[in-house]
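Protein chains in written order, with this note's numbering: chain F, 1 to 208; chain X, 1 to 208.
We put the CB at the ideal spot given by N, CA and C, even for glycine.
These numbers come from a predicted model, not from an experiment.
Number of protein chains: 2
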Amino acid sequence: MSKKISESAVRRLSLYLRTLEELDRAGHEAVSSEQLAARSATTAAQVRKDLSVFGSFGKRGFGYTVEELGRALRGILGLTQPWRVALIGAGRIGSALFEYTGFARRGFQIVAVFDSDPAKIGRKWGDSIIHDVAKLERVVSDKDIQIAILAVPVEAVQGVMDQASRAGVRGVLNFAPVRLKVPEGVTVKDVNLVIDLESLTFALSQGF
Amino acid sequence: MSKKISESAVRRLSLYLRTLEELDRAGHEAVSSEQLAARSATTAAQVRKDLSVFGSFGKRGFGYTVEELGRALRGILGLTQPWRVALIGAGRIGSALFEYTGFARRGFQIVAVFDSDPAKIGRKWGDSIIHDVAKLERVVSDKDIQIAILAVPVEAVQGVMDQASRAGVRGVLNFAPVRLKVPEGVTVKDVNLVIDLESLTFALSQGF
DNA sequence: TTGTGTGAATCCCTTCACAGCG
DNA sequence: CGCTGTGAAGGGATTCACACAA
């Protein structure tokens, strides 16, 4: 039962959910597609189209119930279950991600941390011990981890990816600047800040 | 003289450049659109279309000269000059970004770091002193900084953004999860890892 | 012959506009 | 009434296919 939905549509759903949560905290009970759009940097028609793919969540002449639509979106985005995440790479990026509270708030629990540096292995980060990356497969399957964040150097990342997918990881957030080869059924999202900066300098250079 | 080019097209140009640099290091002198596409996860036609917007860089029956096309792309992306960058926020994310060597390698120089925490102000990071964010406007204009990376808490980010744009910053990489209001002529790129993770969980939930 | 550059065709996403429900 | 849900129209972006240059 897989819906064909564009990447950008999914990102918009995410934004709607964030907006709804803000509205909820602010005490709003209802919201129109118009209002939701204005606060999510899109159009009313786009909001309605995006939602219509998954069902009818509004009442005509009224709008959407904030609480109800929020619950629906969490369901659509797969956020009703907490997700068990492995953080692979305990360097600068790994450390920043580990400390970041925004993940936990959304139900992403970092339940294991790995590194290959003997000086780091065995150290404690919060409640977690940094594991030897050699034990990746065992720990990932023991702890039933579904998502891995790869914050390792580019030379190491494909090897780590292979282990992770063998251990049953199905989703990956990859910080290394390479296109990973993955088996069918594994989804990768690349994060590449240099590309973001370059799209910025492109815009700046075109400005004159 | 501004070309209307989609965000995703620019990201592809960035990828082509990276691929070309790899080919260059591997000693390749020429490359076809076919080869470039295969290594950049797109199609030959797409490569040719993307490039055709900016000129004719290839030779028929031959392909593209790696060195030449690389130079052209660096020009298009605005990477022939080094860019002076301010890092605002010396917390976990800021620290990870400061240490990241990938920026410097592409000509992005972090020439000033700011924070509002008195315990951090005055400390040295590498060759830089952490400045009081209150001095943002002066330092940014003195050092002729064009780009700011905003790694500050969500409550503070709009205020910092306002100061930065008053000081002449024209491009911003924003890590806070809010849509910034900016004056005409300022470009913002948002980085939001929670959204990336949510597009991952969406894909995983759809999988069954 | 090979592989680019590019109009034409296609596909997909966004916007329009309105019927119809609450 | 007011605002959703949705077919139809419109606009971009991708892919096709081929004339043509090296």
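Item                                                                                                                                                                                         : Value
Starting from K49/F, trace the alpha helix (DSSP H) both ways and give me its first and last residue.                                                                                        : 44 to 52
Apart from the five residues on each side of it in sequence, which residues of its chain come closer than 8 Å, Cβ to Cβ, to G210/X?                                                          : Residue 210/X is absent from the structure shown; chain X starts at 1 and stops at 208.
Check whether the region 164 to 176 of chain F touches the region 163 to 173 of chain X, counting contact only when three or more Cβ pairs, one atom from each stretch, lie closer than 8 Å. : no
Would you list, in chain order, the members of the region 108 to 135 of chain F that have their beta-carbon closer than 9 Å to a beta-carbon of chain X?                                     : F108
Measuring only between beta-carbons, confirm whether S32/X sits less than 7 Å from chain F.                                                                                                  : no
Tell me whether the beta-carbon of W83/X lies closer than 7 Å to the beta-carbon of Q35/X.                                                                                                   : no
Please state whether the Cβ-Cβ distance between L137/F and Q163/F is less than 7 Å.                                                                                                          : Here residue 137/F is Glu; the residue named in the question, Leu, does not match the sequence. In contact: E137/F and Q163/F (Cβ atoms closer than 7 Å).
Would you check if the region 51 to 70 of chain F and the region 80 to 99 of chain F touch, i.e. whether three or more CB-CB distances between them fall below 8 Å?                          : no
First and last residue of the beta strand (DSSP E) that includes R92/F?                                                                                                                      : Counting along the chain, R92/F falls outside any beta strand (DSSP E), though it belongs to the alpha helix (DSSP H) covering 92 to 99.
Do V113/X and I130/X have their C-beta atoms closer together than 7 Å?                                                                                                                       : yes
Just the C-alpha distance for G91/X and S205/X, rounded to the nearest angstrom, thanks.                                                                                                     : 34 Å
Which of the three DSSP states, helix, strand or coil, is assigned to K181/X?                                                                                                                : coil
Tell me which same chain residues have a C-beta within less than 8 Å of the C-beta of E21/F, skipping the five on either side of it?                                                         : G70
Counting Cβ pairs closer than 8 Å, one from the region 73 to 80 of chain F and one from the region 9 to 16 of chain F, do we hit at least three?                                             : yes
Note down the Cα distance separating A119/F from Q109/X, rounded to an integer number of angstroms.                                                                                          : 30 Å
Just tell me which of V186/X, L193/X, V140/X, K143/X has its CA closest to the CA of K189/F.                                                                                                 : L193/X
Using a Cβ-Cβ distance under 7 Å, would D196/F count as near chain X?                                                                                                                        : yes
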